[in-house]
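Here the protein sequences line up with chains A and B, keeping their order.
Going by the working numbering, the letters in the first sequence line up with residues 1400 to 1674, in that order.
Going by the working numbering, the letters in the second sequence line up with residues 1400 to 1674, in that order.
2 protein chains.
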Amino acid sequence: MLEKRLTLLRTHFKELNFNKLSRVFPQIEANIDKLGEIQGHRYQDKKLAAISLVHRSSLVYWPTDKSGIFSNERLEFLGDAFLSFFVASEAMIEHRSLQEGDLSRLRAALVGTENLALKSRDLGIGECLLVGKAEMNSNPQRRDNVLADAFEAVTAALLLDAGEEKARAWLLKIFSEDLLAGKDTLLKFDAKSKLQQWTQGIIGVPPVYKAIGTEGTPQETFFIVAAFIGETEIGRASAASKREASKKVADKIIEKIESGELTKEMIVSFFGKEK
Amino acid sequence: MLEKRLTLLRTHFKELNFNKLSRVFPQIEANIDKLGEIQGHRYQDKKLAAISLVHRSSLVYWPTDKSGIFSNERLEFLGDAFLSFFVASEAMIEHRSLQEGDLSRLRAALVGTENLALKSRDLGIGECLLVGKAEMNSNPQRRDNVLADAFEAVTAALLLDAGEEKARAWLLKIFSEDLLAGKDTLLKFDAKSKLQQWTQGIIGVPPVYKAIGTEGTPQETFFIVAAFIGETEIGRASAASKREASKKVADKIIEKIESGELTKEMIVSFFGKEK
């Protein structure tokens, strides 16, 4: 049944004018091969692979008639849904004692922008992508979005071209560690809430996260974020996005708390009073 | 592959102590048969069907040892993900020209609490459900949640017991009209945003929705919601929940605008000034 529906869906993407696309982006052939290597699959329908690699920003300055040319957003929509179902079912298989709330949180962590962008980077999907230069250089949050969306789009391309079985097998390879980690993953992604609860129990307010600078090169900028209680810095970390950095800070601080390096008494003294 | 994973998942629900459950809720056997009729499927594993019908509120006053007794929340989690993937793929098959944003909105409308509660009511799933009395009598929003969650849970039970093909076929029957309606469904569900945009373009603010009373019986209460511009009521409607009622109000007002019964000039005069 699913395979029959996928066959129907596949026909929708035949409208791509591949020759036209590859005249403007001659690198697309090589990029499709690269994607095939990453996914361990030789695409029967090159159009599907091609579409999954076209970010809309690459078409902003499309030089001629745009008919038959489109971007990966519809594939991204499909891939997102398939991925969520995949992660939901696998998380349940792996963790028979996790309740719905924890399963939801685990799924959110695994299919969240941050984690999918990470997978895209690790696999080298970014290098296959056709994307406007401005998009990849400017804002790290936007870059993460592009990479996460691309992960979903290439997942859908594989689903449509190779079938459900191969797509699931590919995802299983990529997410098996995250799935096994399970609760640890949950805790890691949730360090900020954990820290917030802790300081609120002591002084009634959460720590304040501030971006205090950047490091790295103009091509590869990292944001430094520090967490403060009152005027006192209780930890700092750097990452490609402020959000990621603030999670890393929370991680570090949680470790300090667990090791006894940071105590309730210190938090009270930094803040000046108890709750 | 999917079927193999589903087989693995199925084993997780063997832990239910069916005899214990049916001693406290002897009606469960009849309810499972009813569910089977609704879904056109005879359950091989009665436990799966049983679990999908146990709302947690029915276990609040569980009289004895609770081991081996649990509710439908994990099935609901799985059903939700499967349903989302189903609707995403079918919406794309049906509407090849809809872009990602519209596809997302269509999916949200179809799998939203309101629509799933409606399906549950139409199919009679509510009558099979084991649920605390207070849960179904008190708050219509909570009742809708229970019914929508139950729809997801019985979808997952069917998926696990009958397989992906039968589950998809069942869903296709239920949602085919909504899927065909497509854009109309979108517009209907989106009347509130449409109306908001319209009044904001004229006077800079959205209409204000107020619950102005109830009607019906204590067993079946309907909320009356009216929309105001300034002091002037521009429409009212009643429904089982405030949210549903305010959508119906917006629907009615959109109709009034389209028929010319409500004009920009009127909105300006009700509000006292233009944007």
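Ideal placement from N, C-alpha and C gives every residue a C-beta, glycine not left out.
In whole angstroms, what is the alpha-carbon distance linking residue i and residue j?
i	j	result
B/Asp1464	A/Gln1498	19 Å
A/Ala1449	A/Val1423	13 Å
B/Leu1458	B/Val1667	54 Å
B/Thr1512	B/Glu1643	10 Å
A/Ala1636	B/Gly1629	51 Å
B/Glu1402	A/Phe1469	34 Å
A/Arg1567	A/Gly1478	11 Å
A/Leu1570	B/Thr1410	23 Å
B/Cys1527	A/Tyr1460	58 Å
A/Glu1564	A/Phe1550	18 Å
A/Glu1657	A/Asp1589	15 Å
A/Ala1508	A/Val1624	21 Å
A/Ile1611	A/Gln1438	39 Å
B/Leu1482	B/Val1510	7 Å
B/Thr1406	A/Met1400	18 Å
B/Ser1503	A/Gly1525	25 Å
B/Phe1485	B/Ser1575	12 Å
A/Lys1445	A/Ile1427	10 Å
A/Glu1489	B/Arg1404	8 Å
A/Gln1540	A/Arg1520	14 Å
A/Lys1641	B/Gly1562	44 Å
B/Gly1500	A/Pro1425	30 Å
B/Pro1617	B/Gly1659	38 Å
A/Asn1538	B/Asn1538	45 Å
B/Trp1597	A/Trp1597	46 Å
May I ask which residues mark the beginning and end of the alpha helix (DSSP H) holding residue i?
i	result
A/Glu1472	Glu1472 to Glu1493
B/Ile1602	Ala1590 to Ile1602
A/Lys1663	Lys1663 to Phe1670
B/Glu1534	Lys1532 to Asn1536
B/Leu1505	Glu1499 to Val1510
B/Ser1645	Lys1641 to Ser1658
B/Phe1574	Glu1563 to Ala1580
A/Arg1422	Phe1417 to Val1423
A/Ser1457	Looking at the DSSP string, A/Ser1457 is not in any alpha helix (DSSP H), and its letter there is neither H nor E.
A/Leu1407	Leu1401 to Thr1410
B/Gln1438	Ile1427 to Gln1438
Looking only at its chain, what residues have a beta carbon closer than 6 Å to the beta carbon of residue i, apart from the 5 residues adjacent to it on each side?
i	result
B/Glu1691	The question about residue 1691 of chain B has no answer, for chain B in this structure spans 1400 to 1674.
A/Lys1451	Before going further, note that residue 1451 of chain A is Ser rather than Lys in the sequence given. Excluding sequence neighbours, A/Ser1451 sits near Asn1471, Leu1474, Ala1552, Val1553 and Ala1556.
A/Leu1447	Phe1412, Ala1556, Leu1559 and Asp1560
A/Arg1542	Met1535
A/Gly1634	Ala1626, Val1648, Lys1651 and Ile1652
A/Ser1693	Residue 1693 of chain A cannot be examined here, being either before or after the span of chain A that is shown, 1400 to 1674.
A/Leu1515	Ala1547 and Phe1550
B/Lys1663	Ile1601
Identify, in the order they occur along the chain, each residue of the same chain with its Cβ nearer than 7 Å to the Cβ of residue i, setting aside the five sequence neighbours on each side.
i	result
B/Gly1467	Glu1414, Leu1415, Asn1416 and Lys1419
A/Gln1599	Pro1605
A/Phe1621	Thr1613, Glu1614, Gly1615, Ser1637, Ala1638 and Ala1639
A/Val1530	His1454, Ser1456, Ser1457 and Val1545
A/Pro1462	Val1423
B/Ala1480	none
A/Ser1421	Ile1427 and Glu1428
Residue range of the beta strand (DSSP E) that residue i falls in?
i	result
B/Gly1634	Thr1631 to Ala1638
B/Ile1611	Val1607 to Gly1615
A/Val1624	Thr1620 to Ile1628
Apart from the five residues just before and just after residue i, which ones in its own chain have a Cβ nearer than 8 Å to its Cβ?
i	result
B/Ile1573	Lys1518 and Leu1522
B/Lys1655	Ile1633, Gly1634 and Leu1661
B/Ile1602	Ile1628, Ile1666, Val1667, Phe1670, Lys1672, Glu1673 and Lys1674
B/Gly1435	Arg1441, Tyr1442 and Ala1448
B/Arg1506	Ser1483, Val1486, Ala1487 and Ala1490
B/Ala1533	Ser1456
B/Thr1631	Phe1669
A/Leu1408	Leu1477 and Leu1559
Quick check on residue i - is its C-beta less than 8 Å from some C-beta in chain D?
i	result
A/Ala1636	You won't find chain D in this structure, because its protein chains are A and B.
Quiz item: Using a beta-carbon distance cut-off of less than 7 Å, what residues from the stretch 1430–1443 of chain B approach chain A?
Solution: none
Practice problem: Select from the stretch 1529–1563 of chain A all residues with a C-beta closer than 7 Å to any C-beta belonging to chain B, and list them in chain order. | Solution: Listed in sequence order: Glu1563.
Exercise. Return the residues of the stretch 1449–1465 of chain A that lie within a Cβ-Cβ distance of less than 8 Å from chain B, sorted by chain order.
Key: none
Quiz item: When you check each C-beta in the stretch 1492–1511 of chain A against every C-beta of chain B, which residues fall closer than 9 Å?
Solution: Ile1492, Arg1495, Leu1497, Gln1498, Glu1499, Gly1500, Leu1502, Ser1503 and Arg1506
Quiz item: Hey, is the stretch 1574–1581 of chain B in contact with the stretch 1484–1498 of chain B, meaning 3+ C-beta pairs nearer than 8 Å?
Solution: yes
Self-check item: Proximal residues, the stretch 1465–1488 of chain A versus chain B, C-beta separation under 7 Å
Solution: Glu1472, Arg1473, Glu1475, Phe1476, Leu1477, Ala1480, Phe1481, Ser1483, Phe1484, Ala1487 and Ser1488
Quiz item: Can you find at least 3 beta carbon pairs, one from the stretch 1428–1446 of chain B and one from the stretch 1589–1606 of chain B, that sit closer than 8 Å?
Solution: No: fewer than three Cβ pairs fall under 8 Å.
Quiz item: Which residues, taken in chain order from the stretch 1402–1414 of chain A, show a beta carbon closer than 7 Å to some beta carbon of chain B?
Solution: Arg1404, Leu1407, Leu1408 and His1411
Quiz item: Of all the residues that make up the stretch 1514–1528 of chain B, which are near chain A by a beta-carbon distance shorter than 7 Å?
Solution: none
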